[in-house]
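The listed protein sequences derive, respectively, from chains Z and U.
For the first sequence, this note's numbering gives the first residue as 1179, with consecutive numbering after it.
For the second sequence, this note's numbering gives the first residue as 263, with consecutive numbering after it.
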Amino acid sequence: MIKTFKRGGVHPPENKISRNAALEQLVPEGVVKIFTSQHIGAPAECIVAKGDKVKTGQLIAKANGFVSANVHSSVSGTVLGIENVADYQGIKKPAICIQVEGDEWEGSIDRSAEINRDLSKTSEDILAKITEAGLVGLGGATFPTHVKLAVPKGKTAKAIIINGAECEPYLTSDHRVMLEKGEELLIGVQLLKKAVNADKAYIGIETNKQDAIDNLTRLAVNYGGIEIVSLKPKYPQGGEKQLIKSITGLEVPDRALPIETGCIVSNICTTFAVYEAVQKNKPLFENSITITGKNLKVQKNFIVRVGTPLSKLIDAAGGMPENTGKIISGGPMMGRAISNLDAPTLKGSGSVLFITEEEAKRGTKSNCIRCSKCVAACPMGLQPFLLYRLAELNMLEELKEKAVHACIECGCCLYTCPANLPLVDYIRLGKTRAMKLIVKPK
Amino acid sequence: MDSTILTTVIMLGVLAATLAAVLYIVAQKFKVVEDERIDGTESILPGANCGGCGYTGCRAFAEALVKADDIAAMFCPVGGNATMTNVAEYLGKKVETKESMIAVVRCAGSCENRPRVNEFDGATSCAVMAATYSGDTDCSYGCLGKGDCVSVCNFDAIYINSETMLPEVDEDKCTSCGACVKACPKLIIELRKKGPKSRRIYVSCVNKDKGAVARKACKTACIGCAACRKACAFESILIENFLAYIDPDKCRLCRKCVEVCPTESIIELNFPPRKPKVEVQEKQTVNSENATN
Chain Z
1179 MIKTFKRGGV HPPENKISRN AALEQLVPEG VVKIFTSQHI GAPAECIVAK GDKVKTGQLI
1239 AKANGFVSAN VHSSVSGTVL GIENVADYQG IKKPAICIQV EGDEWEGSID RSAEINRDLS
1299 KTSEDILAKI TEAGLVGLGG ATFPTHVKLA VPKGKTAKAI IINGAECEPY LTSDHRVMLE
1359 KGEELLIGVQ LLKKAVNADK AYIGIETNKQ DAIDNLTRLA VNYGGIEIVS LKPKYPQGGE
1419 KQLIKSITGL EVPDRALPIE TGCIVSNICT TFAVYEAVQK NKPLFENSIT ITGKNLKVQK
1479 NFIVRVGTPL SKLIDAAGGM PENTGKIISG GPMMGRAISN LDAPTLKGSG SVLFITEEEA
1539 KRGTKSNCIR CSKCVAACPM GLQPFLLYRL AELNMLEELK EKAVHACIEC GCCLYTCPAN
1599 LPLVDYIRLG KTRAMKLIVK PK
Chain U
263 MDSTILTTVI MLGVLAATLA AVLYIVAQKF KVVEDERIDG TESILPGANC GGCGYTGCRA
323 FAEALVKADD IAAMFCPVGG NATMTNVAEY LGKKVETKES MIAVVRCAGS CENRPRVNEF
383 DGATSCAVMA ATYSGDTDCS YGCLGKGDCV SVCNFDAIYI NSETMLPEVD EDKCTSCGAC
443 VKACPKLIIE LRKKGPKSRR IYVSCVNKDK GAVARKACKT ACIGCAACRK ACAFESILIE
503 NFLAYIDPDK CRLCRKCVEV CPTESIIELN FPPRKPKVEV QEKQTVNSEN ATN
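Put into structure tokens, the structure is as follows:
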């Protein structure tokens, strides 16, 4: 049976044009710049100094507190120093700059291609390895994985849900991992199950990736307690709360964490990284990134070292296409525009997407006609048109009353709005203001 | 026929009289006794309801003025000293005269000085833009030019210059209520002393990057070279994070810093043109004559 969530959602053209491009390693060269803050929470504390020699996979910045993550060197070479580097949105943050010299890996990392099927590790061991490897959620939010897997007292995790929906148009890196690293992925799922003592795991995959469903269903026979669930293609199926609803039918209560429903959701790439961290001793220093766009010469799915300049990825995919209106990091629905192509990639970078000028153009804004298309499209059951107006007027108390905190910024409202109102722009602003997330610079 | 009209008149008359009596009794019983000085004070205040005093409006401010014993710390920036003196006289309290202030925009990154490197097509709002990314130029501190300051101004005192795409303050209209200061997400606008004859000097830049980075992004950026600090005889210039700030309390308006600034990021306003510069246009020469007279 094909499952999906009921409330709201849209289905934009899928445009998964890079789906057949196999994963490719991109060799690092030149200088890589690795941010000390690539996750939600406190920035990691740098433990290397200028002139130090580092190896690939060596710890270079230590997690600063519980909600933080270790950062490892993605290359071997000499540390050039810690500088303020502009990220893809032009915001300057401290980063460790390393001159690449060869590619000598840390000795503890198992680089063999052999699949390690040993599942004898205890829950504590697995969690310790995940913490050590600096794993973060690679679906976009980059929340430290060890924090997510720490089940609060009094709660029990019944099921692990793996998000293979990849509901954003264009993106295909998760799809490729499911096809090419299927077995490793399933071992990762078993490890996650063991880490939180859950006895069931679901992998939710949209039916537009039938080959991935077939591949994993075939492999899952050898691994007990894993169910592959076919999902109807619909955005935002991959949203944590939507995915739980689709697969288990349970609703995550307002202001509560998914653990309330006994579920822990993890992304495909994160699960693969769990396998690598636990079985291969390999910290998180590379991730898969889709380079795609209708006018791009070659579609690519790269495995990229963290800190590689975005411009290098683009060169490797045949350079920037002529008719480019916008470059986006992430999918077209939730991604953010890239304003700085010299910026290094992050742990959580998922794609570089070239949008043509025609696609990028926003329609002319007109007045809200109260058609309530946005209300019908909102997967969280909010009233976007109202939140938009309240945010525009900076009415924070009213925004809180109308549950602005529940907005997942998926962009369905903006997608359906016939008046082309910048709904998400303002709701996001109102949300951060109402929740006091914006702190004025000093 | 007659009796019908008569009955109607009597009925309605009695009804009206009864209701009037009820209304009168209720009005007396639930009468709100309010200090009449509040009305009096409110009538003296400008009635702009801008919130510049820190209260929600003129009525709230009037109430606070009447309630407080010492009103020296309270000030209506719109009405200024004249209004506050009138209020003090009316209430029999004391106020201190304050120097009048004005909003200054500390960014000179016009399109010419600070080239645009990308285009923002989101909602026309500085707040949205600032929450999204660093801005459409290489300077991540400068004005975004979407006019949040213009839309909050109750007095039409700030507008975007269509050539430079930067906000400019109309000196006659600005009441220094501070609404624009609060609205600017980049903290570019500052309330400064208006100065004698409206003459004032300030650093028109808020970029805290290293000199080379700042200069690359904008021709008129403060590069923190400290030439102004050396030139200043009154120790009025502070340099922190590669950015100069002129302390308005110490500045004696000698204009030496303006002359030495290599990037012309220090701005002087309403001064007569300097004498030795002969090559200036005719019109300005006339001005300088007027000034010397």
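Think of the CB as a built atom: it goes at the ideal place given N, C-alpha and C, for glycine as much as any other residue.
Fewer than three beta-carbon pairs drawn from the segment 1317-1328 of chain Z and the segment 1484-1503 of chain Z are found closer than 8 angstroms, and the two stretches are therefore not classed as touching. In chain Z, no part has a C-beta under 8 angstroms from the C-beta of U/A506; the shortest such distance is about 17 angstroms.
Of all C-beta pairs linking the segment 523-530 of chain U to the segment 475-487 of chain U, three or more are shorter than 8 angstroms, placing the two stretches in contact. Within 10 angstroms of the beta-carbon of Z/I1533 lie 16 or more other beta-carbons, which makes it buried. Shown here for Z/V1482: same chain residues with a beta carbon closer than 8 angstroms to its own, the five before and five after excluded, namely L1204, E1464, N1465, S1466, I1467, L1491, T1523, S1527 in chain order. Contacts between Z/D1603 and chain U, judged by CB atoms closer than 7 angstroms, involve G384, A385, V390 in chain order. When CB distances to chain Z are screened at a threshold of 7 angstroms, the residues of the segment 358-381 of chain U falling below it are N380, in chain order. Here U/I272 is exposed. Its C-beta has fewer than 16 other C-beta atoms within 10 Å. Nearest Cα to U/S387 within the set Z/A1569, Z/P1596, Z/E1587: Z/A1569. By the Cβ rule, the segment 1354-1374 of chain Z counts as touching the segment 1398-1415 of chain Z, because three or more pairs are nearer than 8 angstroms. For U/C467, the closest alpha carbon among the candidates U/Y403, U/A278, U/T345, U/D297 is that of U/Y403.
For Z/L1607, a Cβ of chain U is located within less than 8 angstroms of the residue's own Cβ. No Cβ-Cβ contact shorter than 8 angstroms links Z/C1224 with Z/D1352.
By the rule that beta-carbons nearer than 8 angstroms mark a contact, Z/K1194 does not touch chain U.
In terms of Cα proximity to Z/N1518, the closest of Z/I1437, Z/I1269, Z/N1193 is Z/I1269. Annotated as distal: U/G314 and U/C480, with beta-carbon spacing of 8 angstroms or more.
In the three-state DSSP reduction, Z/K1270 falls in the strand class (E or B).
Beta-bridge pairing by DSSP links Z/F1480 to Z/E1202, Z/I1467. CA-CA distance, Z/K1231 to Z/E1202, rounds to 27 angstroms. Z/C1590 has its alpha-carbon roughly 21 angstroms from the corresponding atom of Z/G1382. Per DSSP, U/N343 is one residue of the alpha helix (DSSP H) stretching across 342-353. Among the bridge pairs identified by DSSP, Z/C1441 is matched with Z/A1337.
Closer than 7 angstroms at the C-beta level to chain U, one finds these residues of the segment 1532-1553 of chain Z: R1540. Annotation: the continuous alpha helix (DSSP H) that includes U/T269 extends over 264-291.
Taking a contact to require three or more Cβ pairs closer than 8 angstroms, the segment 1377-1392 of chain Z and the segment 1331-1343 of chain Z qualify as touching. A straight line joining the alpha-carbon of U/Y317 with that of U/V328 spans about 14 angstroms. Closest option to Z/L1462, judged by alpha-carbon separation, among Z/A1220, Z/P1191, Z/I1276, Z/I1287: Z/I1287. Beta bridge pairing from DSSP links U/R454 with U/I364. Between Z/E1384 and Z/C1345, the gap from beta carbon to beta carbon is short of 8 angstroms.
Cβ contact annotation for Z/N1445 (same chain, cutoff 7 angstroms, sequence separation greater than five): G1315, L1316, G1317, N1341, in chain order. Counting only Cβ-Cβ distances below 9 angstroms, U/G319 has no contacts in chain Z at all, with the closest Cβ about 17 angstroms away.
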